[in-house]
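Going left to right, the sequence shown walks through residues 344 to 639 as my numbering numbers them.
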Amino acid sequence: MAAALACFLLPILLGVSICALGGAPTSYLVVQLSAAAIGVGVIWALALRPLADKAVCLISSVATVALLMTLFSTGIDGVNRWVPLGPLQLCVSSMVAPVLLLASCRLLAFERDLQAVGLISLALLISVSQPDAAATMGFGACALILSVQVRRGGVFGVLFAGVAVLCTGVAWWLGDPLLPAAFVEDMVSRALAMSTVVGVIAIASLCLPIAFVVGRTLRLEPNPAAHLFGWCLTAYLFAMIVSVGLGNFPTPLLGYGASPVIGTAIGFGLLLGSGNTQPLEAKLDVPASNWESSDL
């Protein structure tokens, strides 16, 4: 738990410091620190009380509906990634991605390949439609990992991987019409402008969440679904960081934005909780009705 909180909080606190020194509005600092406090609570709650399969199923269904809602939002310059919550605009994909990934991994463990593939494919198509190249690349990277686990023959897995690559390519081809926002996408360059040392520390801090997830995942092998979720979460976080260098996309945790903070906290909590659940080999004796197709 201590390692998770450290890897979660250090990039946020560094980002808040850079924002404060750079003259960011006080509201930005308040939002980031508030999101960090909420995130700590989320990590603690999910780690101590792991989600049951039916709970993951229900929450993933709600998460999918929330993703669909973005397509009907007002949007900004033709980009529909957010839903309003009072004065805030929440980026839905950043918050729900960990839940969708965990649901897909558990579905695969119960040999519900079509549902798992359908869930991630839907997330890919919505991300392309928003458009959000970073989220599409994140879901696409996870789809490549999941495609290897599909049990319905090699062709089905290859088709799934092909859809992921195609969606990612289309999303980057569509591009991002939005201009970069101060203290959101430009945090690494701001850190480097302060000094080379600060810049290196900022870049290193972006790797802390991945380092924690990889370390935790390596200890989850007795639980196949949790182990698979760990690698999918690693791929997603890595894609989010890479996207910062490829376009004008938010810098996770380091930059202003409550959604990536809450989303990362959910991912950490689910991963910690997964280590406290019964190994899937024993769970496979549970009746398949726990994951009926109507649940998703």
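Backbone N, C-alpha and C fix where the C-beta goes; we use that ideal spot for every residue, glycine too. The structure displayed is predicted, hence computed values, not measured ones.
Cα-Cα separation, residue i to residue j
i: V540; j: R559; result: 29 Å
i: G542; j: L376; result: 21 Å
i: G590; j: A346; result: 30 Å
i: R455; j: A395; result: 17 Å
i: I605; j: G382; result: 5 Å
i: S586; j: I386; result: 25 Å
i: T413; j: V435; result: 8 Å
i: A569; j: G616; result: 9 Å
i: P427; j: I402; result: 20 Å
i: S447; j: F555; result: 22 Å
i: F611; j: Q492; result: 23 Å
i: L391; j: G418; result: 37 Å
i: V460; j: G365; result: 44 Å
i: W634; j: P565; result: Because the pLDDT at W634 is just 44, under 50, the model does not fix this residue reliably, and the point stays unresolved.
i: C510; j: C350; result: 31 Å
i: T607; j: M344; result: 14 Å
i: F503; j: M480; result: 14 Å
i: S404; j: K397; result: 11 Å
i: V439; j: A466; result: 10 Å
i: A525; j: T369; result: 14 Å
i: L348; j: S464; result: 32 Å
i: V508; j: A367; result: 38 Å
i: G505; j: S532; result: 35 Å
Residue interval of the beta strand (DSSP E) (run including residue i)
i: V426; result: W425 to L428
i: Q432; result: L431 to C434
For residue i, the first and last residue of its enclosing alpha helix (DSSP H)
i: G455; result: Looking at the sequence shown, residue 455 is not Gly but Arg. Segment: none, R455 is in no alpha helix (DSSP H) and carries neither H nor E.
i: G483; result: A476 to Q492
i: R562; result: Taken as a continuous stretch (DSSP letters only), R562 belongs to no alpha helix (DSSP H), as it is neither H nor E.
i: S403; result: D396 to T413
i: I386; result: T369 to L391
i: F503; result: G497 to L517
i: F351; result: A345 to L364
i: V531; result: M530 to M537
Rounded Cβ spacing between residue i and residue j (contact assumed at less than 8 Å)
i: C575; j: I488; result: 6 Å
i: A379; j: I355; result: 5 Å
i: A406; j: V359; result: No, A406 and V359 are not in contact; Cβ-Cβ is about 28 Å, not under 8 Å.
i: L410; j: L597; result: Not a contact, Cβ separation roughly 25 Å.
i: L549; j: D420; result: Wrong, their Cβ atoms sit about 27 Å apart, outside the cutoff.
i: A476; j: D519; result: 6 Å
i: I584; j: P595; result: 6 Å
Cβ neighbours of residue i in the same chain (closer than 6 Å, five flanking residues each side left out)
i: A534; result: I361, V541, G542 and A545
i: V557; result: T577
i: V513; result: V471
i: A484; result: A578 and A582
i: P474; result: A514 and L517
i: L563; result: A569, H570, G573 and G618
i: L580; result: P552 and I553
i: K626; result: With a pLDDT of only 42 at K626, under the threshold of 50, the placement of this residue in the model should not be trusted; the figure read from the coordinates follows. Here the set comprises nothing.
i: Q432; result: W425
i: S437; result: S602, P603 and G606
i: V374; result: A601
Beta-carbon proximity list for residue i, same chain, < 8 Å, skipping 5 on both sides
i: P430; result: none
i: A363; result: L372
i: S416; result: N423, W425, V426 and P427
i: P630; result: Unreliable positioning characterises P630 in this predicted model, as indicated by a pLDDT of 37, which lies under 50. The coordinate reading is nonetheless provided below. No residues qualify anywhere along the chain.
i: L352; result: A379 and V383
i: S632; result: Reliability of the predicted coordinates at S632 is poor, the pLDDT of 40 falling under 50, and the value obtained from them is presented with this limitation in mind. If we look at S632 and ignore the five residues flanking it on each side, it has no Cβ neighbours.
Contacts around residue i, its chain only, beta-carbon distance under 7 Å, and the 5 residues preceding and following it disregarded
i: L445; result: V399, F572 and L613
i: P593; result: V527, E528, G600 and P603
i: P523; result: D529 and N591
i: R494; result: E454 and D456
i: G500; result: S490, V491 and V493
i: L561; result: none
With a floor of 3 residues, list each beta strand (DSSP E) that falls wholly inside the region 577-614, ordered by position along the chain. none
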